[in-house]
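Notes follow once the structure below has been shown.
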Amino acid sequence: MSAEAALILTQLLNGVQLGLLLFLVAAGLTLIFGVLDFVNLAHGAFVMLGAFISATLARWTGSWLAGVLLMLPVMALIGMALELLLARPLSGAHHHLAQVLASFGALLALMSIAMLLWGTQGMSAELPGWLRGQMSLGGGIALPAYRLFIVGVGLLVALLLHLLLRHARLGMQWRAVAANAQMASALGAPVAWLRLSVFALGAALAGLAGALMVPITEASLGMAVEYIIIAFVVVIIGGLGSLKGAFIAALLVGMIDTLGRAFLDDALRAVLPLELAETAAPALSSMSIYLLMALVLIIRPAGLFPPPARRRP
Amino acid sequence: MRRAWLHRALLVLEGGLLALLLAAPLLAQWLAAPFWLDVATRIATLALAAVGLNLLLGLGGLASFGHAAYLAIGAYATAIPTYHSIYGGAAWLASDNGLFHLLLALTCGGLFALITGWLALKTRGIHFIMLTMAFAQMLFYLLQGLETYGGDDGIGLDARSQLPGLNLDDAAQMHWLAAGLLLAGLLLYRLLARSRFGLVLMGCRERPERMWALGWPVRGVLLAAYVVSGMLGSMAGWLSANHTAFVSPAMAEWTHSGELLFMIILGGAGRWLGPLTGAAGFVLLEEWLSSATIYWQLPFGLLLMAVALWQAGVPRREERA
Chain A
1 MSAEAALILT QLLNGVQLGL LLFLVAAGLT LIFGVLDFVN LAHGAFVMLG AFISATLARW
61 TGSWLAGVLL MLPVMALIGM ALELLLARPL SGAHHHLAQV LASFGALLAL MSIAMLLWGT
121 QGMSAELPGW LRGQMSLGGG IALPAYRLFI VGVGLLVALL LHLLLRHARL GMQWRAVAAN
181 AQMASALGAP VAWLRLSVFA LGAALAGLAG ALMVPITEAS LGMAVEYIII AFVVVIIGGL
241 GSLKGAFIAA LLVGMIDTLG RAFLDDALRA VLPLELAETA APALSSMSIY LLMALVLIIR
301 PAGLFPPPAR RRP
Chain P
1001 MRRAWLHRAL LVLEGGLLAL LLAAPLLAQW LAAPFWLDVA TRIATLALAA VGLNLLLGLG
1061 GLASFGHAAY LAIGAYATAI PTYHSIYGGA AWLASDNGLF HLLLALTCGG LFALITGWLA
1121 LKTRGIHFIM LTMAFAQMLF YLLQGLETYG GDDGIGLDAR SQLPGLNLDD AAQMHWLAAG
1181 LLLAGLLLYR LLARSRFGLV LMGCRERPER MWALGWPVRG VLLAAYVVSG MLGSMAGWLS
1241 ANHTAFVSPA MAEWTHSGEL LFMIILGGAG RWLGPLTGAA GFVLLEEWLS SATIYWQLPF
1301 GLLLMAVALW QAGVPRREER A
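One line per chain: the protein sequences are A and P, in this order.
In terms of my numbering, the first sequence is residues 1 to 313.
In terms of my numbering, the second sequence is residues 1001 to 1321.
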């Protein structure tokens, strides 16, 4: 296998890996919006908290995996607290601006708390041995084991979420609340608990994304503001409230962003003078996902897979 | 009865605030406190941007979470020609003329608003909020990619805009320019709010379907408001670049857009002098909190949550009564 093909394969893997991490963030965002009609700007803070909490727990327990697994219930509790504090009093579409402002305030407050607890320095975590090296796939191709691990976790979570939403009682009740919360409540669905559980799951998923990023980029305060906009782009492209849309859009965005950064340089150099290509390529590749979003908007303003309209009482 | 009394007290307070802002250079000289003049100029600049946002949110009912982008556009439209006029290159763009900077800022801001607004106005409500946010972030990354102009770090303004009869290196004259433009912006808002355009805009906020049925081009009206709003923002950016003599991509960061929205909500959306009250409230709060603790975003964030919850609770309480 040639070096070029191996490079392309590695970049494709990177694209899928970024896409699946984005899916973990966007899935919670889109579920919370879909079921609760709440726009959570503090979702980025969940990513950051998941990263710091998992790294801290990994240090205490001495095991990275234990850190990640123990982080999940902690994040679920934090998510529930936010639901009680903000999402419950501000539910409903007429409160969207207040939701955005309140969750923006929550984001700032959570960032400050993280700064108080962990300082402004980043925090790294030690991977266990079996995730460190390269994994040989035969044919002379070796890929980083940890990236394959992220892809595996991401696909597993996507599958479980799909099964949960389509085939489990809890998912069915969530869909009932999304369609008409009053009717679901009248039919005996425990709406208050269902709302809490959506927030808990969303926070845990975002925390998982943050925890999985730690070995690659370190945990940092900046995560809180960095990932929320790109997750918004994903849910806008996919259709706000749609899990399938979030999955496909996340992979699309991850792929375009990664491949743009890797290959746009060379592609532009083929058609443009060298100097112009070198200034245009980084700017264009960082804009590429927004251009994709604009394109989708022109063709389908409600996103690629808009969920069925909510019935408002 | 008590509400009317409160309302009048607030108006007196706001009038006093405006007078204080206009007289700030004299007061600062009299009290020998140049620091407070700096704060006052910042309030005037941010209030001008907030007036633009108030036009959009207060009259048109559109919440933009990307208005910091226009401040950055105005600032870079000042910094880039200045850079070339000092260090050469790009002769067609190089200029130290302040009017050229302002014109460029207004043109670029207007064009960015026209394009992104046309796209974002395909949707309303929460989609519009998220889209304006995303487009502002796109600009943020674009500015970060401009290595010639400092990239991520931003770039200092080595000379302020040259204006006939004004020396912007003088803090008092800089302030009077900012305060004067703020006054002009406030008057423009007042004029627009009472004009036919303003009435149509409010109609589009309240009952878009009916306005459409009456034959008004609803999306066009909202887009026009968005463009005017963006141009006011980029004018504020031009002022900000000249005031601080520094521009950076961070000006376009979405957290600053959130702060602008906070100012509007604090001052009351759709109130004439609301942006001034909101900007003064925000800047003074930030000065006070950040001088007390480096964790100032914690109390600020909690306050933001409280304001949002309180503001959302008001209509419900009135319904019950």
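No residue lacks a Cβ here, since even glycine has one placed at the ideal position from N, Cα and C.
- So, are the CB atoms of residue 1109 of chain P and residue 1231 of chain P less than 8 Å apart? Numbered from its first residue, the second sequence carries residue 1109 of chain P at position 109. Numbered from its first residue, the second sequence carries residue 1231 of chain P at position 231. With respect to residue 1231 of chain P, residue 1109 of chain P sits close: the two C-beta atoms are nearer than 8 Å.
- Task: List the residues of chain P that residue 115 of chain A touches, going by C-beta distances under 7 Å, in chain order.
- Result: As a working mapping, residue 115 of chain A is identified with position 115 in the first sequence. The answer, in chain order, is 1295.
- Message: Quick check: is the beta carbon of residue 1211 of chain P nearer than 8 Å to any beta carbon in chain A?
- Response: Counted from its first residue, the second sequence places residue 1211 of chain P at position 211. Contact with chain A is absent for residue 1211 of chain P, since none of that chain's Cβ atoms lies less than 8 Å from the residue's Cβ.
- Message: Quick check: residue 45 of chain A and residue 161 of chain A, are their CB atoms within less than 8 Å of each other?
- Response: Residue 45 of chain A sits at position 45 when you count from the first residue of the first sequence. Residue 161 of chain A sits at position 161 when you count from the first residue of the first sequence. Result no, Cβ atoms of residue 45 of chain A and residue 161 of chain A do not sit closer than 8 Å.
- Cβ separation of residue 72 of chain A and residue 204 of chain A, assumed to be a contact under 8 Å, to the nearest whole Å: Mapped onto the first sequence, residue 72 of chain A falls at position 72. Mapped onto the first sequence, residue 204 of chain A falls at position 204. With a contact defined as Cβ atoms closer than 8 Å, residue 72 of chain A and residue 204 of chain A qualify at about 5 Å.
- Query: Can you list the residues of chain A that residue 1141 of chain P reaches, using a CB-CB cut of under 7 Å?
  - Reply: Start at 1 with the first residue of the second sequence, and residue 1141 of chain P comes out as number 141. Those are 286, 287, listed as they occur along chain A.
- Query: For residue 1237 of chain P, which option in P:1118, P:1031, P:1105 has the closest C-alpha, if you only look at C-alpha atoms?
  - Reply: Translated into the one-based positions of the second sequence, residue 1237 of chain P becomes position 237. If we check each option's Cα against that of residue 1237 of chain P, P:1105 comes out closest.
- Message: Using a Cβ-Cβ cutoff of less than 8 Å, which residues in the same chain neighbour residue 1320 of chain P once the five nearest sequence positions on both sides are dropped?
- Response: For the purposes of this step, residue 1320 of chain P is taken as the residue at position 320 of the second sequence. Confidence in residue 1320 of chain P is poor, its pLDDT being 39 and thus under 50, which makes the residue's placement unreliable; the coordinate value appears in the next sentence. Non-local C-beta neighbours of residue 1320 of chain P in its own chain, meaning closer than 8 Å and more than five positions away in sequence, are absent.
- So who's on the other strand from residue 134 of chain A, going by DSSP bridges? In the first sequence, residue 134 of chain A corresponds to position 134, counting from 1. Per DSSP, the beta-bridge partners of residue 134 of chain A are A:144.
- Message: Please state the DSSP three-state secondary structure of residue 1097 of chain P.
- Response: The residue you call residue 1097 of chain P lines up with position 97 of the second sequence. Residue 1097 of chain P carries a strand assignment under DSSP once its states are collapsed to helix, strand and coil.
- Query: Using DSSP with H/G/I as helix, E/B as strand and the rest coil, what is residue 969 of chain P?
  - Reply: For residue 969 of chain P there is no data in the structure shown, the boundaries of chain P being 1001 and 1321.
- Task: Leaving aside the five residues before and after residue 1308 of chain P along the sequence, list all residues of the same chain whose C-beta is less than 6 Å from its C-beta, in chain order.
- Result: For this step, residue 1308 of chain P is matched to residue 308 along the second sequence. Excluding residues within five positions, none has a Cβ falling inside 6 Å.
- Give a yes or no on whether the minimum CB-CB distance between residue 1254 of chain P and chain A is below 8 Å. What you label residue 1254 of chain P is simply residue 254 of the second sequence in a count that begins at 1. Answer yes: the Cβ-Cβ gap between residue 1254 of chain P and chain A drops below 8 Å somewhere.
- Enclosing alpha helix (DSSP H) for residue 1038 of chain P [first to last residue]: Locating residue 1038 of chain P in the second sequence gives position 38, where the first residue counts as 1. Counted as a single uninterrupted DSSP element, the alpha helix (DSSP H) harbouring residue 1038 of chain P occupies residues 1034-1054.
- When you check each C-beta in the segment 1070-1092 of chain P against every C-beta of chain A, which residues fall closer than 8 Å? Flagged: no residues at all.
- Helix, strand or coil at residue 1156 of chain P according to DSSP, with G and I counted as helix: For the purposes of this step, residue 1156 of chain P is taken as residue 156 along the second sequence, with counting starting at 1. In this structure, residue 1156 of chain P counts as strand in the three-state DSSP scheme.
- Query: Whose Cβ in chain A lies nearer than 9 Å to the Cβ of residue 1123 of chain P?
  - Reply: On the second sequence, position 123 is the one that residue 1123 of chain P refers to. Within chain A, the residues near residue 1123 of chain P are 236, 297, 301, 302.
- Message: Along the segment 94-105 of chain A, where does the CB come closer than 7 Å to a CB of chain P? Name the residues.
- Response: Against chain P - using a Cβ distance shorter than 7 Å - the residues of the segment 94-105 of chain A are 95, 96, 97, 98, 100, 101, 102, 104, 105.
- Compute the Euclidean distance between the alpha carbons of residue 242 of chain A and residue 30 of chain A, then round it to the nearest angstrom. Position 242 of the first sequence, counting from 1, holds the residue named residue 242 of chain A. Position 30 of the first sequence, counting from 1, holds the residue named residue 30 of chain A. Cα-Cα distance, rounded: 6 Å.
- Query: If you drop the 5 nearest sequence neighbours on each side, which residues of the same chain put their C-beta closer than 8 Å to that of residue 61 of chain A?
  - Reply: Residue mapping note: residue 61 of chain A aligns to position 61 of the first sequence, counting from 1. In the same chain as residue 61 of chain A, and ignoring 5 residues on each side of it, the C-beta atoms closer than 8 Å to its own belong to 67, 70, in chain order.
- Message: Taking 8 Å as the limit between beta carbons, can you name the residues of its chain near residue 1119 of chain P, skipping five residues before and five after?
- Response: Position 119 of the second sequence, counting from 1, holds the residue named residue 1119 of chain P. So the list reads 1131, 1135, once near-sequence residues are dropped.
- Query: Would you call residue 247 of chain A buried or exposed, if buried means 16 or more other Cβ atoms sit within 10 Å of its Cβ?
  - Reply: As a first step, residue 247 of chain A must be located in the first sequence, where it is residue number 247. Under a 10 Å Cβ-count criterion, residue 247 of chain A is classified as buried, with 16 or more other Cβ atoms of the shown protein chains found around its own Cβ.
- For the segment 1178-1186 of chain P and the segment 1266-1280 of chain P, state whether three or more C-beta atom pairs, one from each stretch, are separated by less than 8 Å. As far as the Cβ criterion goes, the segment 1178-1186 of chain P touches the segment 1266-1280 of chain P, which means the pair count is three or higher.
- With DSSP as the reference, please indicate the residues paired to residue 246 of chain A in a beta bridge. Residue mapping note: residue 246 of chain A aligns to position 246 of the first sequence, counting from 1. In the DSSP output, where bridge partners are listed per residue, residue 246 of chain A has none listed.
- Message: Please report whether the beta-carbon of residue 290 of chain A lies at a distance below 8 Å from any beta-carbon of chain P.
- Response: Here residue 290 of chain A corresponds to residue number 290 of the first sequence, with the count starting at 1. Residue 290 of chain A belongs to the set of residues whose beta carbon lies under 8 Å from a beta carbon in chain P.
- Task: Check whether the Cβ atoms of residue 1233 of chain P and residue 1057 of chain P lie closer than 8 Å to each other.
- Result: On the second sequence, position 233 is the one that residue 1233 of chain P refers to. On the second sequence, position 57 is the one that residue 1057 of chain P refers to. Residue 1233 of chain P is not a Cβ neighbour of residue 1057 of chain P, given a cutoff of 8 Å.
- Message: Tell me the residue span of the alpha helix (DSSP H) that contains residue 1294 of chain P.
- Response: Here residue 1294 of chain P is taken as the residue at index 294 of the second sequence, counted from 1. First-last for residue 1294 of chain P: undefined, no H or E at that position.
- Give the straight-line distance between the Cα atoms of residue 82 of chain A and residue 1096 of chain P, rounded to the nearest whole angstrom. Within the first sequence, residue 82 of chain A is the residue found at index 82, counting from 1. Within the second sequence, residue 1096 of chain P is the residue found at index 96, counting from 1. Cα-Cα distance, rounded: 51 Å.
- Message: Here's the rule I'm using: 16 or more other beta-carbon atoms within 10 Å means buried, otherwise exposed. How should residue 1279 of chain P be labelled?
- Response: Here residue 1279 of chain P is taken as the residue at index 279 of the second sequence, counted from 1. Within 10 angstroms of the beta-carbon of residue 1279 of chain P lie 16 or more other beta-carbons, which makes it buried.
- Query: Of all the alpha helix (DSSP H) runs that stay within the bounds of the segment 1194-1238 of chain P, which reach a length of 4 or more residues?
  - Reply: If we require 4 residues or more, the alpha helix (DSSP H) runs fully inside the segment 1194-1238 of chain P come out as 1196-1206, 1208-1213.
- Message: On a Cα-Cα basis, can you pick out the residue from A:101, A:123, A:279, A:207 that is closest to residue 1306 of chain P?
- Response: Taking the second sequence and counting its residues from 1, one reaches residue 1306 of chain P at position 306. The residue with the shortest Cα to Cα distance from residue 1306 of chain P is A:101.
- Exposed or buried, which one is residue 1204 of chain P when buried takes at least 16 other CB atoms within 10 Å? Position 204 of the second sequence, counting from 1, holds the residue named residue 1204 of chain P. So residue 1204 of chain P ends up on the buried side.
- Spell out a yes or no on whether the segment 248-268 of chain A and the segment 277-290 of chain A are touching, meaning 3 or more CB-CB pairs, one atom from each, closer than 8 Å. Cβ pair count under 8 Å is three or more, so yes.
- Listed by chain order, chain A residues near residue 1162 of chain P by CB distance under 9 Å: As a first step, residue 1162 of chain P must be located in the second sequence, where it is residue number 162. Those do not exist, as residue 1162 of chain P stays about 29 Å from chain A at its closest Cβ, beyond 9 Å.
- Query: Using 8 Å as the threshold, is the segment 254-266 of chain A in touch with the segment 1011-1031 of chain P, meaning 3 or more CB pairs across them?
  - Reply: Contact annotation: the segment 254-266 of chain A does not touch the segment 1011-1031 of chain P, with fewer than three C-beta pairs closer than 8 Å.
- Can you name, in chain order, every residue of its own chain whose Cβ lies under 6 Å from the Cβ of residue 233 of chain A, other than the five neighbours on each side? Taking the first sequence and counting its residues from 1, one reaches residue 233 of chain A at position 233. Within the same chain, and ignoring the five residues on either side of residue 233 of chain A in sequence, the residues whose Cβ sits closer than 6 Å to its Cβ are 289, 293.
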